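Enquirer: I'd like to ask some things about the structure below.
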Amino acid sequence: IEKAIDDLKQALPGQSYAFNLIYTPNEKGHEDAVVDMFLQHGINLVEASAYLKLTPAVVRYRVSGIHEDKSGNIIIPNRIIAKASRIEIATHWFSPPPEKILAELVNRGDISETQAKLAANIPMAQDLTVEADSGGHTDNRPAITLVPTIIALRDRLQEKYQYQISLRVGVAGGIATPASAAAAFSMGAAYIVTGTVNQACIESGSSDIVREMLAKAEQADVTMAPAVDMFEMGVKLQVLKRGTMFAMRGNKLYDAYRKYNSLEDIPETEKVSLEKTIFKKTLDEVWQETREFFMQRNPDEIERAAFDAKHKMALVFRWYLGLSSRWANAGNDDRQVDFQVWCGPSMGAFNEWVRGSKFEAPENRDVVSVAMNLLFGAAQIIRFNLLRQQGINTGTLKQNIPPVELTDIESYLSNG
26 IEKAIDDLKQ ALPGQSYAFN LIYTPNEKGH EDAVVDMFLQ HGINLVEASA
76 YLKLTPAVVR YRVSGIHEDK SGNIIIPNRI IAKASRIEIA THWFSPPPEK
126 ILAELVNRGD ISETQAKLAA NIPMAQDLTV EADSGGHTDN RPAITLVPTI
176 IALRDRLQEK YQYQISLRVG VAGGIATPAS AAAAFSMGAA YIVTGTVNQA
226 CIESGSSDIV REMLAKAEQA DVTMAPAVDM FEMGVKLQVL KRGTMFAMRG
276 NKLYDAYRKY NSLEDIPETE KVSLEKTIFK KTLDEVWQET REFFMQRNPD
326 EIERAAFDAK HKMALVFRWY LGLSSRWANA GNDDRQVDFQ VWCGPSMGAF
376 NEWVRGSKFE APENRDVVSV AMNLLFGAAQ IIRFNLLRQQ GINTGTLKQN
426 IPPVELTDIE SYLSNG
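Add 25 to a position in the sequence shown, counting from 1, and you land on the number used in our numbering.
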């Protein structure tokens, strides 16, 4: 993370960029350490993902440095773009920080009493991304019902708390074509967020093998699998099904975790099967690697595993879940069948939309061209619909706007 911060500071001086802050309830101290790093390096914009509740760490990030200017306006140095798919979680983000957590931060000396009082007048997040049926962490909610609900919540809380700033709602999950982008804006979205389609672009941190796999995906080629960061809680995420057996094998490990209380309880035949088909090594060897990893990252996990056999089993199973995404990003072709690739059904919609164009080939997909085509196409669709609603005959104009070269879009906009 620190290397990424240094790289972006050098590459984008004075420009805007954000870092991810993920909810990690099973890794004690990790979230606090990341927040410490963000505050130390002056990172003033984060996207908060997968939170099931607010934590002292994320509240500390939001409130640190808060003050009033000479005119009495509250200045909030640190911004959070929250992601949520449930109304109760969205309520937390659009509400002021919990008094109990603020009091805890004051007692710890992390913030002053004055800052705690000011924090009672600000939302935890000004911007909230409604996460519909996305890749990765998702509740598979349909955007057409979820977005209006969260926008109505936004309006109620804006009126209730009378914030100095306006709350905004964006949409993610399923945004992969101009039509889906236009639908999001038509429902009242202030912005849109793409994820899966970016992973298939040349700038992504994934591998060429994964980009090829994503470029072949159809809308039904996704499924749910256990999440490594919340494995014990039974949390699942949406991944690519086509070309990989990760989901099936990950679910098999979770079933074993629920069924048995320790590695020793697993029947010998089943244990041999796991070692041969999933781990490709003995469970003892996996435990040794796992132990070495956590001795450096979080020794508390090893101490707990010493007297909690089920926790030890969870750590061993998480070895596979954690490495599967690394194998994918590294393009480990001998482990392709175990690739963990976060993916939503939008990938299939995107592939269908670009079929027959230069963007059908993954090596021609870049994030700027994709983003501009989505926005440019959405603008055309919205304009066509407005004309139709006014009774104007749009003739043979099509709703499906094909992708075009970025230079064509730039030329149109500069001459418009």
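We treat Cβ as the ideally placed atom computed from N, Cα and C, and that holds for glycine. All values derive from a computational prediction rather than experimental measurement.
(1) Rounded to whole angstroms, what's the CA-CA distance from threonine 116 to aspartate 246? Just pull it up for me.
(2) Taking the runs of the beta strand (DSSP E) that are 3 residues or longer, which of them lie wholly in the segment 217-254?
(3) What do you get for phenylalanine 332, buried or exposed, if any count of 16 or more other CB atoms within 10 angstroms of its CB means buried?
(4) Which residue or residues does DSSP assign as beta-bridge partners of histidine 92?
(5) Would you call methionine 372 buried or exposed, if buried means 16 or more other Cβ atoms sit within 10 Å of its Cβ?
(6) Out of Ser394, Ile417, Gln424, point me to the one whose CA is closest to glycine 435's CA.
(7) Within this structure, are the beta carbons of glycine 199 and alanine 157 separated by less than 7 Å?
(8) According to DSSP, phenylalanine 44 sits in a beta bridge with which residue or residues?
(9) Residue range of the beta strand (DSSP E) that threonine 154 falls in?
(10) Given isoleucine 169, which residues of its chain have a CB within under 8 Å of its CB, disregarding the five upstream and five downstream residues?
(11) Short check: CB of leucine 288 to CB of leucine 308, under 7 Å?
(12) Over what stretch of residues does the alpha helix (DSSP H) that includes leucine 438 continue unbroken?
(13) Could you work out which residue in Lys261, Met238, Asp280, Glu243 is closest to threonine 269 when comparing CA atoms only?
(14) To the nearest angstrom, how far is the alpha carbon of phenylalanine 271 from that of aspartate 135?
(15) Report the residue from Trp118, Thr294, Ser298 whose alpha carbon sits nearest the alpha carbon of valine 84.
(16) Does the Cβ-Cβ distance between isoleucine 99 and serine 74 come in under 7 Å?
(17) Determine the contact status of valine 60 and alanine 43, defining contact as a CB-CB distance below 7 Å.
(18) Since valine 392 and cysteine 226 are thought to touch, with beta carbons under 8 Å apart, how far apart are those beta carbons, to the nearest angstrom?
(19) Going by the DSSP bridge assignment, what does lysine 305 pair with across the sheet?
(20) In the DSSP output, which residue or residues are listed as bridge partners for alanine 197?
(21) Proline 203 and leucine 399 look like a contact to me (Cβ under 8 Å); what is the Cβ gap, rounded to whole Å?
(22) Tell me which same chain residues have a C-beta within less than 7 Å of the C-beta of isoleucine 101, skipping the five on either side of it?
(23) Taking the beta carbon of leucine 264 as the centre, do at least 16 other beta carbons fall within 10 Å, making it buried, or is it exposed?
(24) Helix or strand or just coil, what does DSSP make of lysine 108?
(25) Measuring only the C-alpha atoms, how far is isoleucine 303 from valine 297?
(26) Out of Thr315, Gly402, Phe401, Glu326, which one is the CA nearest neighbour of glycine 347?
(27) Evaluate aspartate 433 with the Cβ neighbour count: other Cβ atoms within 10 Å of its Cβ, from every protein chain shown; 16 or more gives buried, anything less gives exposed.
(28) Leaving out five residues on either side along the sequence, give the residues of the same chain with a beta carbon under 7 Å from the beta carbon of alanine 240.
(29) I'd like the ranges of any alpha helix (DSSP H) spanning at least 4 consecutive residues and lying wholly in the segment 367-396.
(30) Residues bridged to glutamine 263 by DSSP?
Expert: Inspection of the coordinates gives the following:
(1) Threonine 116 and aspartate 246: Cα-Cα distance of roughly 33 Å.
(2) Runs found: 247-251.
(3) Counting every other CB atom within 10 Å of its CB across the protein chains shown gives phenylalanine 332 a total below 16, marking it as exposed.
(4) The partner list for histidine 92 (beta bridge, DSSP) reads Ile100.
(5) Counting C-beta atoms within 10 angstroms of its own C-beta, methionine 372 has 16 or more neighbours from the protein chains shown and is therefore classed as buried.
(6) Here residue 435 is glutamate; the residue named in the question, glycine, does not match the sequence. Ranked by Cα distance from glutamate 435, the first of Ser394, Ile417, Gln424 is Ser394.
(7) For the pair glycine 199 and alanine 157, the CB atoms are nearer than the 7 Å cut-off.
(8) Looking at the DSSP assignment, phenylalanine 44 forms a beta bridge with Val71.
(9) Segment 152-156, the beta strand (DSSP E) holding threonine 154.
(10) Excluding residues within five positions, the ones whose Cβ falls inside 8 Å are Ala208, Met212.
(11) For the pair leucine 288 and leucine 308, the CB atoms are nearer than the 7 Å cut-off.
(12) From DSSP, the alpha helix (DSSP H) with leucine 438 extends over 431-440.
(13) Per the Cα distances, Met238.
(14) So the two alpha carbons sit approximately 42 Å from each other.
(15) If we check each option's Cα against that of valine 84, Trp118 comes out closest.
(16) At least 7 Å separates the beta-carbon of isoleucine 99 from that of serine 74.
(17) Not in contact: valine 60 and alanine 43 (Cβ atoms no closer than 7 Å).
(18) About 5 Å separates the two Cβ atoms, so the contact holds.
(19) In DSSP, lysine 305 forms no bridge with anything.
(20) In DSSP, alanine 197 forms a bridge with Glu156, Val218.
(21) Sure, about 6 Å apart at Cβ, within 8 Å.
(22) Hits under 7 Å: Ile91, Ile147.
(23) Residue 264 is actually valine in this sequence, not leucine. Buried, by the Cβ-count rule.
(24) DSSP places lysine 108 in strand when its eight states are reduced to three.
(25) CA-to-CA, the gap between isoleucine 303 and valine 297 works out to about 10 Å.
(26) When C-alpha distances from glycine 347 are compared across Thr315, Gly402, Phe401, Glu326, the shortest belongs to Thr315.
(27) The residue in question, aspartate 433, is exposed, as its Cβ has fewer than 16 Cβ neighbours within 10 Å.
(28) So the qualifying residues of the chain are Ala225, Asn376, Pro387.
(29) The DSSP assignment places 371-379 as complete runs of the alpha helix (DSSP H) inside the segment 367-396, in order along the chain (cut-off: 4 residues).
(30) Answer by DSSP bridge pairing, in chain order: Gly161, Met249.
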